[in-house]
Every structure is written in C-alpha cells, then in structure tokens.
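In the working numbering, the protein residues as written are -12 to 242.
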C-alpha cells in the first residue's frame, strides 16, 4: 500500500497517522530529538512508524523529504517551499473547518483574533477564512515563541528567513523556518506579529486551567498573546468592548 511520510513537531503527525489508518495506508512520521517520548507513543498508538531524525524540526523535515524521495513515498508536509505547494495547501484547507465552527459559535464577529503559529499553516488558514467572512473588521495578531520567531522575523525582513534560538517548551510551535504559503497569506491578512516568552505561555496555561480548560503552552500561545498585549493594547485597539477570538489548539498532552 501507499506510504505517507511527514515531519512533525505536533498535531500534524497525529493527523497523518490517523488518516493513513483510515485509508489502509502506512504513515512514517519523522521527529526531532526535542519531541517528547510521550508524543512519539501517541503516534505509535495510531499505527505510525516513528523515526527520530536530527536535533530540530527542520532536520526532521529534511530527513522525511529524503526518505520520501528514496522510497517513492508521498511527502505530506504542513509546510511549503519552492516547488512544493499543492499538498500543503490541501493540509491548510483542513484548518478551515476549525475556523468555520468557531465562527458559527459566535453571536457577533470578533474584533480581534489571536493565532499561534509554528510554520504558520493554521494561522494562515484561519486568517484567510476570517477575511473572507468578516472582511477587514477583525484585527488579526499572529503569536510565536520568542525562541522561534520565523514569521515575525520574515515579515520584518521582507523575505523568508531562518531564525535561531533555543528549544521552546511550545514544542508544536518551535519551528525556525516559515511555510512560504503561510507567510504569503499572513503578509496579506494579518495586522500584527508578536512573540511571547516561555513564562507567558505557561501563564496562559494556568489562566485556562483556572477556567477548567487543560492545554499545553503550544495550545495556549494565542491566548497568551492577548493576555500579555500590555502596552500594545492601544495600538491594537483592545478595550473593554473588544470581542477576542483565540484558538485553543490542543488538549492536555506532554509539551
């Protein structure tokens, strides 16, 4: 049968593994050494073959691409680069369902949307949906780890850049190179880009836990951007009457 191969720092790998199982295919998921063993076990539980490769997400991506080429496997990435566009676009289309469900649950359009980003696929898809549904109304803010500001720095430079930084506890977002499709979409649709510290992400996790919602620093990163907006609040137009939408992108799991 067909084999799908992907690199993953988080939920994309789970999606590929689950999808391959449904369709009777095989999934090979490449993980860097920074991804937790608990997450690797979750992948194996869905029938995936887990391969450790390299110290960073980018290393695991290169290994996955090489394995796909050598073995005739289908590379199914949530990131994109020159010459590799179509399948990442299909992956991003899946995130539109999340955006549609959030929109249907809201009685009024949001004034602000805070979106966490790794390579940027989820953020770009939700931002595209928001613009199609609500036009220029919402202020869209993209939130990244201070340790992995790939989109932030690429927007500031005016072209894609690879960033350097320590390993982040926001493992799902710890990506040092942006997806080109996502970068182009967010350059068009986002209003602001922000970074958060490890402590700020943990603070958002605690804030949500007090409300009965368990998540990880990665899952809470968008909300952390809102909670820590601080002196940027006037520039963003945040006030008592604001209606902010933040995506809680995963439940409780190893970081």
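Every residue gets a Cβ at the ideal spot worked out from N, C-alpha and C, and that includes glycine.
This structure is a prediction, so every number in the text was calculated from the model and none was measured.
May I ask you to report which of helix, strand or coil DSSP gives residue i?
i	result
residue 51	helix
residue 175	helix
residue 225	coil
residue 183	strand
residue 84	helix
residue 10	coil
residue 148	coil
residue 72	coil
residue 115	helix
residue 164	coil
residue 154	coil
residue 231	strand
residue 63	coil
residue 242	For residue 242, the predicted model reports a pLDDT of 46, less than 50, meaning its position is unreliable; a value from the coordinates is still stated below. Three-state result, residue 242: coil.
Which same chain residues end up closer than 7 Å to residue i when comparing Cβ atoms and leaving out the 5 residues on each side of it in sequence?
i	result
residue 230	95, 97 and 98
residue 173	107, 110, 111, 114, 129 and 138
residue 189	204
residue 215	183 and 187
residue 233	101, 209, 210 and 213
Find the nearest neighbour of residue i within the set the options, judged by alpha-carbon distance.
i	options	result
residue 54	68, 16, 151 and 67	16
residue 119	44, 82, 176 and 2	176
residue 81	188, 65 and 159	65
residue -6	205, 75 and 69	75
residue 162	36, 205 and 70	205
residue -3	88, 151, 213 and 47	47
residue 244	152, 143, 22 and 11	Absent from the structure is residue 244, since the part of the chain shown begins at -12 and ends at 242.
Within the same chain, show all residues whose beta-carbon is closer than 6 Å to that of residue i, passing over the 5 residues directly before and after it, in chain order.
i	result
residue 148	140 and 141
residue 164	45, 137 and 149
Who are residue i's beta bridge partners in DSSP?
i	result
residue 43	Its beta-bridge partners do not exist; DSSP assigns none.
residue 132	183
residue -10	13
residue 38	17
Once the 5 residues before and after residue i are set aside, which same chain residues still bring their CB inside 8 Å of it?
i	result
residue 182	130, 131, 132, 133, 136 and 139
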